[in-house]
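Written out below as structure tokens is the structure these notes cover.
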Amino acid sequence: MPDGLKAIVADPGGAVIGLDFDGTLSPIVPDPAAARIHPDGPAVLARLGELVGAVVIVTGRPAATAVEYGSLAGVPGLVVLGHYGLERWEAGSLTAPPVHPGLERVKAGLPPLVAGLDGVRIEDKERAVAVHTRQAADPQATLDALREPVAALAAEAGLAVEPGKFVLELRPPGMDKGMALSAFLRERAARSVLFAGDDLGDLAAFAAVRASGLPGVTVFSGSSELDVEADLVVDGPPGVLGLLASIADAVESGRTG
Numbered sequence: 003m004p005d006g007l008k009a010i011v012a013d014p015g016g017a018v019i020g021l022d023f024d025g026t027l028s029p030i031v032p033d034p035a036a037a038r039i040h041p042d043g044p045a046v047l048a049r050l051g052e053l054v055g056a057v058v059i060v061t062g063r064p065a066a067t068a069v070e071y072g073s074l075a076g077v078p079g080l081v082v083l084g085h086y087g088l089e090r091w092e093a094g095s096l097t098a099p100p101v102h103p104g105l106e107r108v109k110a111g112l113p114p115l116v117a118g119l120d121g122v123r124i125e126d127k128e129r130a131v132a133v134h135t136r137q138a139a140d141p142q143a144t145l146d147a148l149r150e151p152v153a154a155l156a157a158e159a160g161l162a163v164e165p166g167k168f169v170l171e172l173r174p175p176g177m178d179k180g181m182a183l184s185a186f187l188r189e190r191a192a193r194s195v196l197f198a199g200d201d202l203g204d205l206a207a208f209a210a211v212r213a214s215g216l217p218g219v220t221v222f223s224g225s226s227e228l229d230v231e232a233d234l235v236v237d238g239p240p241g242v243l244g245l246l247a248s249i250a251d252a253v254e255s256g257r258t259g
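Under the working numbering, read the sequence shown as residues 3 to 259, first letter to last.
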């Protein structure tokens, strides 16, 4: 067992369990609006939430969407940091800054950029806009062709581009998953941390785990096409939830042993 996991099991009250949503708790699907948490997810997270210091989901999705798609409202003490940390959902309450004024510019400018590109989908995420190429005949070539014009449009609007697997997301600058996770660790005075993710946007959170100075574990649940350094590699959402269930088993065993 990695030292980070040992620290979590030995002192669960000081542990923060951080998780991405898509590809980590929910299987990747062609239509992002059809994504739902793995069937085992709500029960495993509810169980873990009773045992550790905090469970926090850090996602590019709107926080309320992650709660809805994950059936997560009943997870004890859950915090969801949406839009890479710009939004916060906790105990049924959502807090968020004003919508970035540049979003209207990109919402108007993206349709002409993708016109004629079969299989390209624009997703309005309220405080961000994503361009998906997963359903294109050649997803990677289509994504590569869009990088430069999408980056130019984002720059005009004062937005940042967050690349992912077959997606380019245009969002407000100044926040990423690493910054969001680091701030949460300080807020909770964490003594150990685990973060699980599957895509490029999660690398900042992995770096935050390493930079925290805490006993930590990074868990990669994504495709082998991405070259990612992580302490553990698991097979998608079933692997993540199996790991979380094993942590809960070990904590409960320690309490009764």
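By construction, the Cβ of each residue, glycine as well, lies at the ideal position given by its N, Cα and C atoms.
Just to confirm my understanding: we take residue i, look at its own chain, exclude 5 residues before and 5 after, and list those with CB closer than 8 Å. What are they?
| i | result |
| --- | --- |
| S214 | S184, L187, A192, V195 |
Per DSSP, what kind of secondary structure is residue i in: helix, strand or coil?
| i | result |
| --- | --- |
| F186 | helix |
| H40 | coil |
| T61 | coil |
| T67 | helix |
| G220 | According to the sequence displayed, residue 220 carries Thr and not Gly. T220: strand per DSSP, three-state reduction. |
| P141 | helix |
| R173 | strand |
| P100 | coil |
| D233 | coil |
| P165 | strand |
| E254 | helix |
| V116 | helix |
| L53 | coil |
Which term fits residue i, buried or exposed, when burial requires 16 or more other beta carbons within 10 angstroms of its beta carbon?
| i | result |
| --- | --- |
| A157 | exposed |
| E164 | buried |
| T67 | buried |
| R129 | buried |
| P99 | exposed |
| S255 | exposed |
| P175 | exposed |
| A93 | exposed |
| D5 | exposed |
| G118 | exposed |
| G76 | exposed |
| V31 | exposed |
| A36 | exposed |
Counting only C-beta atoms, is residue i closer than 8 Å to chain B at any point?
| i | result |
| --- | --- |
| A12 | Of the protein chains in the structure, only one exists, and it is not chain B. |
According to the Cβ coordinates, are residue i and residue j closer than 8 Å?
| i | j | result |
| --- | --- | --- |
| L74 | L80 | yes |
| A132 | D178 | no |
| L170 | L161 | no |
| A108 | T144 | A small correction: the amino acid at residue 108 is Val; Ala does not occupy that position in the sequence shown. No, Cβ-Cβ distance for V108 and T144 is not below 8 Å. |
| H134 | P34 | yes |
| L115 | P78 | no |
| G25 | S223 | yes |
| D201 | K167 | yes |
| L50 | I249 | yes |
| A139 | D120 | yes |
| R190 | A65 | no |
| V141 | I124 | For the record, residue 141 in the displayed sequence is Pro; it is not Val. Contact flag unset, no. |
Leaving out five residues on either side along the sequence, give the residues of the same chain with a beta carbon under 7 Å from the beta carbon of residue i.
| i | result |
| --- | --- |
| I39 | L27, S28, Y71, G72, S73 |
| A210 | G180, L183, S184 |
Might you give, ordered along the chain, the residues of its own chain that have their beta carbon closer than 6 Å to the beta carbon of residue i, omitting 5 neighbours on each side?
| i | result |
| --- | --- |
| A9 | S194, P217 |
| L234 | V221 |
| V54 | P14, A17, I19 |
| V253 | V11, P14, L53 |
| F208 | T220 |
| G238 | S223 |
| A247 | V46 |
For the ligand SAM, any of its heavy atoms closer than 7 Å to the Cβ of residue i?
| i | result |
| --- | --- |
| L80 | Absent from the structure shown: the ligand SAM. Ligands present: none. |
Would the segment 228-247 count as touching the segment 36-54 if we require 3 or more Cβ pairs under 8 Å? yes
Count Cβ pairs between the segment 61-70 and the segment 146-157 that sit closer than 8 Å; are there 3 or more? no
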